[in-house]
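Participant: Sharing a structure below in structure tokens format, with a few things to ask.
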Amino acid sequence: FLPSDETEAVELSDLNMETEKSKKKPQTKETRLAALQSKLREAIESEEYERAAKIRDDIQKLTSDN
2 FLPSDETEAV
12 ELSDLNMETE
22 KSKKKPQTKE
32 TRLAALQSKL
42 REAIESEEYE
52 RAAKIRDDIQ
62 KLTSDN
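When the letters of the sequence shown are read in order and numbered with this note's numbering, they come out as residues 2 to 67.
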């Protein structure tokens, strides 16, 4: 497991990369959902349950915004 500060740095890095990608090409809701589901699987497989919970919440927000 990474220490909390390092975990946050990794998450922020992921967010920064996603932001940079989104500047290049807008993501559709379906594309964003697929990316989040992939990240959720990765987080669960690596036993990063707090990160997985945050991603799950993001998925719920995205799918409830119909």
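Ideal Cβ positions, reconstructed from N, Cα and C, are used throughout, including at glycine.
Cα separation between Phe-2 and Glu-46?
Facilitator: For Phe-2, the pLDDT reaches just 47, beneath the cut-off of 50, and the residue's location in the model is therefore unreliable, although a value from the coordinates is still provided. Looking at the two C-alpha atoms, the distance is approximately 13 Å.
Participant: Counting C-beta neighbours from all protein chains within 10 Å, is the total for Arg-52 16 or more, i.e. buried, or is it exposed?
Facilitator: Per the 10 Å Cβ criterion, buried.
Participant: To the nearest angstrom, how far is the alpha carbon of Arg-57 from that of Leu-41?
Facilitator: Distance between the alpha carbons of Arg-57 and Leu-41: 7 Å.
Participant: Grouping DSSP H, G and I as helix and E and B as strand, with all else coil, what is Lys-55?
Facilitator: Helix.
Participant: From the DSSP output, in three-state form, read off Glu-49 for me.
Facilitator: Coil, per DSSP.
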